[in-house]
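The next block holds one structure in the form of structure tokens; read it before the comments.
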Amino acid sequence: MGDNKMRKRPASSGPDARAGVSAAPVFLQKTYDMIESSPSTVACWSESGTSFIIKLPREFAKTMLPRYFKHNNFSSFVRQLNFYGFRKHKKDEIVISTEEDESKSWWEFYHEKFLRGRQELMAQIRRKTYSEPASPTTRRWRRSSSQCRVSRARYLSSWVSSRTSPVL
Numbered sequence: 001m002g003d004n005k006m007r008k009r010p011a012s013s014g015p016d017a018r019a020g021v022s023a024a025p026v027f028l029q030k031t032y033d034m035i036e037s038s039p040s041t042v043a044c045w046s047e048s049g050t051s052f053i054i055k056l057p058r059e060f061a062k063t064m065l066p067r068y069f070k071h072n073n074f075s076s077f078v079r080q081l082n083f084y085g086f087r088k089h090k091k092d093e094i095v096i097s098t099e100e101d102e103s104k105s106w107w108e109f110y111h112e113k114f115l116r117g118r119q120e121l122m123a124q125i126r127r128k129t130y131s132e133p134a135s136p137t138t139r140r141w142r143r144s145s146s147q148c149r150v151s152r153a154r155y156l157s158s159w160v161s162s163r164t165s166p167v168l
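Numbering (full-length UniProt numbering), first residue to last: 1 to 168.
This is how it looks when you write it as structure tokens:
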């Protein structure tokens with residue numbers, strides 16, 4: 001859990017505290033540090049340490065994001081989490097109806113390799129890459145190909161209709 005002190009980097013427990021973390025993407029290192037240094041009323045690790053919870057998204061965006069990133073846009077932060085394969089923990093409707101009002105606005109994220117006290121695992125997380133957009137030639141080919149299929153389907157439909165008689 002985070003403490004109530006707001007520091008940029010958590011105190012290390014020795015010279016090798018961040019060993020193996022240097023291979024991890026910077027976004028993940030900053031996110032880990034941010035959760036560690038957030039006041040627990042704003043963001044913290046789950047009790048099990050397998051996910052983190054942002055309790056006050058507006059406060060988190062206003063106070064924590066600008067300390068680590070060049071923005072305070074919560075949606076951009078969530079988008080980056082998604083690029084790295086994080087998932088938002090979805091709550092069951094039964095749980096939502098019984099929980100306190102304040103926890104209904106909490107955002108909980110998890111990734112199997114993003115765990116409290118296991119920073120070395122972050123090096124195994126990679127940002128998803130997306131293929132290059134199709135070239136104009138490829139787009140024209142796809143369009144003409146689908147137009148051909150539609151045209152052929154129409155032809156076959158009319159051919160079948162001309163060969164069959166209506167049933168009375």
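Think of the CB as a built atom: it goes at the ideal place given N, C-alpha and C, for glycine as much as any other residue.
Under a three-way DSSP split, which group does Pro-125 fall into? Locating residue 125 in the sequence shown gives position 125, counting from the first residue. For the sequence presented, residue 125 should be read as Ile rather than Pro. DSSP places Ile-125 in coil when its eight states are reduced to three.
What do you reckon, are the CB atoms on Phe-60 and Val-78 nearer than 8 Å? Stepping through the sequence shown from its first residue, residue 60 is reached at position 60. Stepping through the sequence shown from its first residue, residue 78 is reached at position 78. Taking 8 Å as the Cβ cut-off, Phe-60 and Val-78 do not qualify as a contacting pair.
Using a Cβ-Cβ cutoff of less than 6 Å, which residues in the same chain neighbour Ile-94 once the five nearest sequence positions on both sides are dropped? Against the sequence shown, residue 94 aligns to sequence position 94. Here Ile-94 scores only 46 on pLDDT, less than 50, and its place in the model should not be relied on; the value that follows carries that caveat. So the list is empty, once near-sequence residues are dropped.
I need the boundaries of the alpha helix (DSSP H) containing Ser-37, first residue and last residue. Position 37 of the sequence shown, counting from 1, holds the residue named residue 37. It spans 26–37 - the alpha helix (DSSP H) in which Ser-37 sits, taken as one unbroken run.
Return helix, strand or coil for Lys-88, following the three-state DSSP convention. Taking the sequence shown and counting its residues from 1, one reaches residue 88 at position 88. Note: Lys-88 maps to strand in three-state DSSP.
Give every residue of the same chain whose Cβ lies closer than 6 Å to the Cβ of Glu-108, excluding the five residues on either side of it in the sequence, and list them in chain order. As a first step, residue 108 is located in the sequence shown; it is residue number 108 there, counting from the start. Same-chain partners within the cutoff: Ser-51, Ile-53, His-89.
Put Glu-47 into one of helix, strand or coil per three-state DSSP. By 1-based counting over the sequence shown, the position of residue 47 is 47. Coil at Glu-47, not helix or strand.
Using CA coordinates, which residue listed in Pro-57, Lys-30, Phe-114, Arg-127 is at the minimum distance from Lys-104? Mapped onto the sequence shown, residue 104 falls at position 104. Checked all of Pro-57, Lys-30, Phe-114, Arg-127; the closest Cα to Lys-104 is Pro-57.
Check each candidate in Gln-80, Val-150, Trp-159 and name the one with the smallest Cα separation from Arg-127. Counting from 1 along the sequence shown, the entry for residue 127 is found at position 127. Measuring from the Cα of Arg-127, the nearest candidate turns out to be Gln-80.
Just mark Met-6 as buried or exposed, buried being the case when its beta carbon has 16 or more other beta carbons within 10 Å. The residue given as residue 6 occupies position 6 in the sequence shown. Residue confidence is low: Met-6 scores 43 on pLDDT, short of 50, so the model does not pin down where it sits. No coordinate-derived value is stated.
If you follow the alpha helix (DSSP H) that Phe-74 is part of, which residue opens it and which one closes it? Within the sequence shown, the letter at position 74 stands for residue 74. Segment 74–83, the alpha helix (DSSP H) holding Phe-74.
On the criterion of 16 or more Cβ atoms from any shown chain inside 10 Å, does Leu-156 qualify as buried, or is it exposed? Locating residue 156 in the sequence shown gives position 156, counting from the first residue. Exposed is the call here.
Exposed or buried, which one is Gln-124 when buried takes at least 16 other CB atoms within 10 Å? The count along the sequence shown starts at 1 and reaches residue 124 at position 124. Counting Cβ neighbours within 10 Å, Gln-124 comes out exposed, since fewer than 16 surround it.
Same chain only: Cβ atoms within 6 Å of Phe-74, ignoring 5 sequence neighbours per side: What you label residue 74 is simply residue 74 of the sequence shown in a count that begins at 1. Around Phe-74, the same chain offers Pro-57, Ala-61 as residues with beta carbons nearer than 6 Å, after the five sequence neighbours per side are excluded.
Identify, in the order they occur along the chain, each residue of the same chain with its Cβ nearer than 7 Å to the Cβ of Gly-49, setting aside the five sequence neighbours on each side. By one-based count along the sequence shown, residue 49 stands at place 49. These residues qualify, in order along the chain: Leu-115, Arg-116, Gly-117.
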